[in-house]
Each structure stands twice: as C-alpha cells, then as structure tokens.
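Encoded as structure tokens, the structure appears first; notes follow it.
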Amino acid sequence: MTATLITGANKGLGFETARRLVAAGHTVYIGSRDAQRGRRAAEQLGARAVQLDVTNETSVEAAVKTIEADGGLDVLVNNAGIAVEWSDTNAVIGAADVTAEVMRQTFETNVFGTVRVLHAFLPLLQRSIAPVVVNVSSGLASLTRATTPGAPAYPGVAYPASKTAVNMITVQYAKAFPNMRINAVEPGFTKTDLNGNNGLQTVEQGAEIIVRMARVGVDGPTGGYFDAEGTLPW
Ligand SMILES: NC(=O)c1ccc[n+]([C@@H]2O[C@H](COP(=O)([O-])OP(=O)(O)OC[C@H]3O[C@@H](n4cnc5c(N)ncnc54)[C@H](OP(=O)(O)O)[C@@H]3O)[C@@H](O)[C@H]2O)c1
C-alpha cells in the first residue's frame, strides 16, 4: 500500500488530489494546519488526518512521528501554499507596494515550509522502495515565460518569486536524491480560495498533473517541471 502525505489538503487542489489518490488505492494523510478541518476532510474521503502546519517545526515533527509509527511514507505532495499579495478585492500587490513583510510571509509557507517538510520527511522517504515528491509550483514561476516578450504580464512579486524558488529546490533535491522521483507541477489557474475562486479551471482539472506526478513510477521523470500538457520552460 502506498502511503501518501498531502500538505494543505483540507480544501482546494490538495483535497481533490487526496480524493483521487484514495480512489487509486493510496493510504492518504490529509495534512491540515487546523486539526478539525483536517479530520472533517479525511472523514469525507476515507483518508487519515494529520495536523501539520508547514510553518511550525513542532507540528511537522509530530506529523513525522505519527506517520512513521503507522509504517512510513512513500509519496509527499508539498501542496500547502498562500498568495498574500492577492488582496480581498483581488487586486495584486505589485512591485511598487510589495514589502519585505509580504515577501517573508509568502516565503515562510511556500518556500521555507516546503523545505521544512522535505527535510523532516526525508528519512521516511529514503526507507521507501519508490519514493516520490511532488512540489506544487505555478506557471508564474517560469522565468522563461515571464521574460518572453508579449507574454501576459503578472504584476505580483512575492508569489511568483516563491514558486521560482520552489522550482530550484525541486531541481537541487532531484539531483541530490536520484533514487527519488521529485518534480514540480503547475496545476493551471484553478478556481480555489487562493485566488478568490476566480480561477478558470475546476479542481478536477487542476489536480490532474498533481495526481499524475504523485503516481509516477520508478522509471518516471525526476527534476522536471510539468503541467497537464507536458514539460514547461524553467
Ligand atoms: N489555484 C490556482 O490557480 C493555483 C495555480 C497554481 C498553483 N497553485 C498552488 O496550488 C497549491 C494549492 O492551492 P489551492 O489553489 O488549492 O489553494 P487553497 O484552496 O487556498 O488551499 C491552500 C491549502 O494550503 C493550506 N495552507 C496554507 N498555509 C498553510 C500552512 N502554514 N500549513 C499547512 N497548510 C497551509 C490551506 O489551509 P487552510 O484551509 O488552513 O487555510 C489550504 O488547505 C498552492 O501551493 C498554490 O500555490 C494554485
């Protein structure tokens, strides 16, 4: 039985990914920073709940102990993410207004949180016969796209910068751990709370590439950056 942890899985893309992986036969741990929201989501799906705030060392260490005691981990989906720069009115805080605090908050979850969770779960993943990591990135992370003349302009700084960092983290971990399949994925602009439900895709569509990369076999790609259509430019 494949044991899979998805961070931030109490709603949105993480929840849909959990639903699909439960259906595919995985033992799925719903990581949720709020224990009650996590339990509710897990009950709905026939999954297990584990309290996990990616910004909190103690919480992450406790989640490692719980999952280790249950038998270990094969697949880690680093999905928890925030976009502080989208205001309630859906305006984006751009370069003129972004502050170090906005950057810090964004990186705390999207970047440091990803590394905190990866670092803590590495010993468990290394004991798996087919370890897989999926880092949920974004198309906005692509420097190639962002610098292509005529490409749609996105004014925010913090969120895309954090996801570009996630991409580099993916590459470096993939090089360091060639026995693991470690990839970054772009779900596409999906209707979730992250963007005030203004996304154009459904969570079913958005979760497609996350699920595919979570189920990748030992001969599958590693160190890549993918959306549902294929490889993306870095
Ligand atoms: N939606 C899109 O268009 C889109 C496009 C590209 C990439 N993504 C990425 O997809 C991932 C999932 O986002 P989503 O669209 O599904 O957004 P969402 O519905 O807002 O879900 C985000 C999830 O992350 C959790 N989370 C936030 N901070 C956390 C923390 N410190 N510790 C643990 N969990 C935390 C949230 O928990 P709470 O319920 O407690 O807040 C929630 O479960 C993110 O990494 C996002 O950047 C989304």
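In full-length UniProt numbering, the protein residues as written are 1 to 234.
Glycine included, C-beta positions come from ideal geometry on N, C-alpha and C.
Query raised in the report: Using 8 Å as the Cβ pair cut-off and three pairs as the minimum, do the stretch 219-231 and the stretch 29-40 touch?
Result: no
Query raised in the report: For the alpha helix (DSSP H) that R183 lies in, which residues bound it at each end?
Result: In the sequence under discussion, the amino acid at residue 183 is Asn, which differs from the Arg named in the question. First-last for N183: 181-185, but that is the beta strand (DSSP E), not the alpha helix (DSSP H).
Query - Which of helix, strand or coil DSSP assigns to N79 - result: coil
Query raised in the report: In or out: Q36 buried (at least 16 other Cβ within 10 Å) or exposed?
Result: exposed
Query raised in the report: Excluding sequence positions up to five away, which residues of its chain have a Cβ less than 8 Å from the Cβ of T17?
Result: I6, A9, V77, N79, A207, I210, V211, A214
Query raised in the report: Can you give the Cα-Cα distance for V102 and E108, rounded to whole angstroms?
Result: 10 Å
Query raised in the report: Run through DSSP, which three-state label would S59 get?
Result: helix
Requested in this report: Would you tell me roughly how many angstroms separate the C-alpha atoms of R19 and G12, rounded to the nearest one?
Outcome: 11 Å
Query raised in the report: Is residue 243 near V133, with beta carbons less than 8 Å apart?
Result: Residue 243 lies beyond the stretch modelled for the chain, which goes from 1 to 234, so this question has no answer here.
**Report entry** Where the alpha helix (DSSP H) through L143 begins and ends
**Finding:** 143-146
Query - Residues of its chain near V22, where Cβ-Cβ distance is below 6 Å and the 5 sequence neighbours each way are ignored - result: V28, L45, G46, A47
**Report entry** Simplified DSSP state of F107, which is helix, strand or coil
**Finding:** helix
Query raised in the report: Residues bridged to A3 by DSSP?
Result: T27
Report task. State yes or no: is the C-beta of A161 nearer than 7 Å to some heavy atom of ligand 1? Result -> no
Query raised in the report: R116 and E68: beta carbons closer than 8 Å?
Result: no
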